[in-house]
Amino acid sequence: MDTQDKTQAKGLQRFCTEHKIKLSKIDHICLSRVCSETAGGLPGLLLTLAGMGDGVPVNIWGPSNLNLLVDAMKCFIPHDAMVHTHLISHTGPLQTDSPSADASKFKDVKISAILLQPNGVEGSVVSPSDVAVVYVCKLHERVMVKFHKDKADALGVKVETKFKELTEGKSVKSDCLDITVHPSNVIGPPVPGPVVIIVDCPTDSHAKELLCTQSLNEYYSDLGNQPQATKIVNCVIHLGPASVVNSSPYNKWMKKFGSAQHVMAGHVMKQVDNPILKSSARMAARINYLCPHLFPPLSSWPIQDHSIAAPGPVSSTEVCFPLQDPFLNCESILAENLLKFTLRPHTHLGLDKSNVPCSLKASGVIDQLLLESPDIVDAAQDVKQLWQKPAEKKECTISMHDSKLKRKFAPGLWGRNPSTIKKKLLKNLENRYGMEGSNNAGKNLACVWISHIHADHHVGLVRILALRRDLLKRTTTIVPWETFELDNESNNNKLVPENDEEIELSSKDRESLQVCSKRQKLSVPLDNVAAFPLLKRLKKVLNKARLERLVSFPVVHCPQAYGVILKAANRINSVGKLIPGWKVVYSGDTRPCLEMIEASQGATILIPEATFEEGMDGEAIAKNCGTTKEAIEVGDSAAAYRIILTHFSQRYPKIPELDEISMQKTCIAFDFEY
């Protein structure tokens, strides 16, 4: 599945829900690589499976560094997730000796793994994360049970009971001839089990290793000298990017599989016009029509004609993969979501496009919107005129819980714009800023604040940091080592600000941070020699963001759960008047508590959680969360200027009901993820 957010796992849960695919059926997960692109959504998936409580263990297979990922997840994945890891350390069949790996799942299929260690430059160190796994899946051969009665008659077998014995693999005596009739005389030969190969070559180095490996020789049909030993491959699924699989050497390697069907499933194979999540696409088209400035169109559909997909059903055969060598004659198609390749029964062997979703056009979505809400035309014009007015704009990206319309909020600093570090942060940024804008946001990441260790508040950070690393690599300047040494002598520590006086912590800042330290019960005092440089760096980040203070305060939710206070510095307006800095308080996940009320005193904006609606107090107490009414009461008690409700539960993805008095100072935050 390609959700267009550069990772296979993210979005899987919503995709399965939309297409009524049962996640409870998942008990084995095979990773071709262990990285943010392949396993970014794994923590959320495991949490969901653990929440189902059916007691079915999940077995995860992958390269040796899979252990590092699982160890990292142990701090927030509950023990009842029942995750069992199986490290692939060598080429060969997957070992199912462990009791946790249900051997019965493999009784009809044999899965073998081939490790690809990329060819690095001589002397370079190959990281464990560079290892990729090729999976070879082979169903066991099946004996044809069709009994050829005409052959039995010719051999003199007349008694029907002997027919049954022959189908059971037993030899019988002919009734008319003095011969022994064997099952092979009257029953067709066994049909070889279908073979599917899944190949992930992320780089040219992996491809070179793939072309040299001897482990696939038995599957090549062009060996010629040993045709009887060749195992026929029915389907090869390619996960690599177009830059790799479209190369001439790779194409020639594909030809070795003869008539095998090649499915090109890399996420950059083509501009995918047919949206994966239809409900999200509809919402994106609607809000883009209302306010294109805040909500850019989805990157996967043309802007000119507002078409999400070309008219008519999408046919894989109409957009064949453009092989460079026209003489290769490889049968290849581009993958589509819910495209199937039937392995059995043998009579139906081949591609099955019956479940491929129908195309969706943005123009049709807009037509339906205009039909439902004719006033939207005037509203869109009003919004357009609003953005044309010259005004100082300050943006605050608010997100909430993982549902169709809402999602949780967990702030991080993007210049002056708080954003989120949840499971789909990257997708949210793309929806808000577009592809280029989201890349810039990733590169400019300066500070991350995490409220608590629950997975939906921090696992999205991994993907963002990986993207940031890749983006910054492209702008790295290579200079001689002597230049670095010279610069190092003149400035010993570039991580610590050059001018200590400029960012020296004031007594007020030092006091507020020390109070925060006592509340958090830190094991290391904030004025420790090792911690002080970090505080100075934090102060520099705050100065750059024009923030005067960032103070965390404890809340009631889980161990080490916190809210945060962001206080902007005072400024002088165009007429020389001093404008006090605004104050934003975010509660994190919490029950209403005294610490939250104290921290929210005089807040310009209070962002409390409102997981449950009024009347669900019991559920809120059980989950250490709050209700809509409680969140508003906290804001009133603290005399907050405005209240922005967040964290609506996906148990009821709808707008909470508010009375007219509450609506005067309370608004509702919606997600950029749609």
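Numbered by our numbering, the letters in the sequence shown go through residues 462 to 1135 in order. All C-beta atoms in this analysis are idealised placements derived from N, C-alpha and C, irrespective of residue type, glycine included.
Grab me the residues of residue i's own chain with a C-beta within less than 7 angstroms of its C-beta, minus the 5 sequence neighbours each way, in chain order.
i: Asp-1078; result: Thr-1088
i: Asn-646; result: Lys-612, Leu-616
i: Asn-954; result: The predicted position of Asn-954 is uncertain, since its pLDDT is 36 and thus under 50; no value can be drawn from it.
i: Leu-810; result: Pro-655, Asn-695, Thr-803, Leu-804
i: Ala-840; result: Leu-751
i: Leu-1039; result: Asn-1031, Ile-1033
i: Val-976; result: Residue confidence for Val-976 is low, a pLDDT of 41 falling below 50, so the modelled location carries little weight; the figure read from the coordinates is stated next. There are no such residues.
i: Asp-569; result: Leu-600, His-601
Sort out for me which residues DSSP pairs residue i with in a bridge.
i: Phe-1073; result: Thr-1088
i: Ala-742; result: None; Ala-742 has no bridge partner.
i: His-1108; result: Answer is none; His-1108 lacks a bridge partner.
i: Lys-1028; result: Arg-1010, Lys-1044
i: Leu-847; result: Paired residues: none, contrary to the question.
i: His-545; result: Asn-520
i: Lys-801; result: Asp-813
i: Ile-1129; result: Leu-1106
i: Val-460; result: Any question about residue 460 goes unanswered here, given that the chain covers just 462 to 1135.
i: Tyr-1023; result: Pro-1015
i: Ser-793; result: His-723
i: Arg-1052; result: Val-1017
i: Ser-573; result: Pro-554, Val-597
Considering only their Cβ atoms, is the gap separating residue j from residue i smaller than 7 angstroms?
i: Val-531; j: Asp-488; result: no
i: Val-826; j: Ala-746; result: yes
i: Lys-599; j: Gly-654; result: yes
i: Ala-500; j: Leu-492; result: yes
i: Leu-527; j: Thr-546; result: yes
i: Val-519; j: Ile-549; result: no
i: Pro-524; j: Glu-670; result: no
i: Leu-932; j: Lys-904; result: yes
i: Asn-1031; j: Pro-1041; result: yes
i: Gly-649; j: Lys-607; result: yes
i: Leu-700; j: Ala-742; result: no
i: Pro-1053; j: Glu-1091; result: yes
i: Val-657; j: Val-642; result: no
i: Gly-890; j: Ala-902; result: For the record, residue 890 in the displayed sequence is Leu; it is not Gly. Their beta carbons are under 7 angstroms apart, which means Leu-890 touches Ala-902 by this criterion.
i: Ala-927; j: Ser-497; result: yes
i: His-919; j: Ile-925; result: no
i: Val-1036; j: Pro-1069; result: no
How close, in whole Å, do the beta carbons of residue i and residue j come, if the pair is a contact with beta carbons under 8 angstroms?
i: Glu-1059; j: Lys-1028; result: 14 angstroms between Cβ atoms; not a contact.
i: Ala-1099; j: Ala-1071; result: Not a contact, Cβ separation roughly 15 angstroms.
i: Cys-1128; j: Ile-1105; result: 6 angstroms
i: Val-620; j: Leu-627; result: With a Cβ gap of about 11 angstroms, Val-620 and Leu-627 do not count as contacting.
i: Val-660; j: Ile-698; result: 7 angstroms
i: Pro-554; j: Ile-538; result: Between Ile-538 and Pro-554 the Cβ distance is about 28 angstroms, and since that is not below 8 angstroms, they are no contact.
i: Phe-676; j: Glu-792; result: The sequence given here has Ser at residue 676, not Phe. Their Cβ separation, rounded to whole angstroms, is 24 angstroms, which puts Ser-676 and Glu-792 out of contact at 8 angstroms.
i: Leu-1199; j: Leu-510; result: For the chain, the structure presents residues 462 to 1135; residue 1199 sits outside this window and is missing.
i: Val-706; j: Ile-794; result: That pair is no contact at about 13 angstroms.
Leaving out the 5 sequence neighbours to the left and right, which residues in its chain are closer than 6 angstroms to residue i when beta-carbon positions are compared?
i: Tyr-681; result: Lys-717
i: Arg-1103; result: Ile-1066, Lys-1126
i: His-667; result: Leu-577, Pro-579, Ala-593
i: Ser-561; result: In this predicted model, Ser-561 has a pLDDT of only 48, less than 50, meaning its place in the structure is not dependable enough to derive any value.
i: Ile-490; result: Ile-521
i: His-754; result: Trp-848
i: Val-817; result: Glu-797, Leu-799, Leu-800
i: Ile-1026; result: Val-1012, Val-1046, Ala-1060
i: His-609; result: Val-647
Spatial neighbours of residue i within its chain, please: C-beta separation below 8 angstroms, excluding the five flanking residues on both sides.
i: Cys-1019; result: His-913, Ile-914, His-915, Asp-1050, Asn-1085
i: Val-838; result: Leu-831
i: Gly-773; result: Because the pLDDT at Gly-773 is just 33, under 50, the model does not fix this residue reliably, and the point stays unresolved.
Can you find a C-beta in chain D that's less than 7 angstroms from the C-beta of residue i?
i: Ile-1058; result: In the structure shown, chain D cannot be found, because there is only a single protein chain.
Check: Which runs of the beta strand (DSSP E), 3 residues or longer, sit entirely within the segment 586 to 634?
Finding: 593 to 600
Notebook entry, point to check: Where in the segment 473 to 534 do unbroken runs of the alpha helix (DSSP H), each at least 4 residues long, occur, reported from the N-terminal end onward?
Noted result: 473 to 479, 497 to 500, 503 to 513, 527 to 534
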